[in-house]
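Each remark here refers to the structure printed beneath this line.
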C-alpha cells in the first residue's frame with residue numbers, strides 16, 4: 040500500500056513541479072488558435088466578411104422582389120376591371136406570356152422606376168396564377 044501511495048505522491052509532485060518553457064507555451068497558444076479557427080469555420084458556421092456581405096445582398100434582393108410582388112398583386116386586384124383582367128391572365132397558359140401581360144399592365148413597375156424588376160414580375164405572375 041505504501042508503494043502505491045508513494046507513486047501517487049511522486050506523480051503529483053512531478054506534475055506540481057513541472058515548468059513548461061516559454062516556447063512550449065507559445066506553440067500551445069498558436070496550435071489552439073489554429074484549431075479554434077478550423078473548428079469555427081468548418082462546423083461553427085463562421086463566415087468571412089465577404090461571404091456575409093454577399094448573403095446580405097442576396098437576402099435584400101429577394102426581400103425587395105417579394106415586397107414588389109405583393110404590391111403588384113395588390114395593384115392588380117385594386118384595378119377597376121380586375122376580375123376581367125384575371126380571367127384574361129389565367130387564359131394565358133405560357134408563363135412568359137403571363138409575365139408579359141403583367142409587365143404590359145404596369146402593375147409591377149414601382150414608383151420612381153421606368154421599368155419593372157424581373158423578380159417582381161415573376162413573383163406577381165406566380166401569385167396571380169394561383
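In our numbering, the protein residues as written are 40 to 169.
All residues carry an ideal CB built from backbone N, CA and C; glycine is no exception.
- Boundaries of the alpha helix (DSSP H) harbouring residue 137: 134 to 144, taken from the DSSP string.
- In this structure, residue 159 sits away from residue 81, with a CB-CB distance that is not shorter than 8 angstroms.
- By the beta-carbon neighbour count (other beta carbons within 10 angstroms, threshold 16), residue 145 is exposed.
- Straight through space, the alpha carbons of residue 128 and residue 168 are spaced by roughly 8 angstroms.
- When secondary structure is reduced to three states using DSSP, residue 65 falls in the helix class.
- Here the C-alpha atom of residue 75 lies approximately 10 angstroms from the C-alpha atom of residue 69.
- Residue 54 counts as exposed, since fewer than 16 other beta carbons sit within 10 angstroms of its beta carbon.
- Contact annotation: residue 118 and residue 124 have beta-carbon atoms nearer than 8 angstroms.
- Judged by beta-carbon spacing, residue 121 lies beyond the 8 angstroms limit of residue 141, meaning their Cβ atoms are not closer than that value.
- Within the model, the alpha-carbon separation for residue 79 versus residue 91 is close to 15 angstroms.
- Annotation for residue 84: no residue places its beta carbon closer than 7 angstroms to its own, counting only its chain and skipping 5 residues before and after.
- Distance from the CA atom of residue 101 to the CA atom of residue 135, rounded to whole angstroms, is 20 angstroms.
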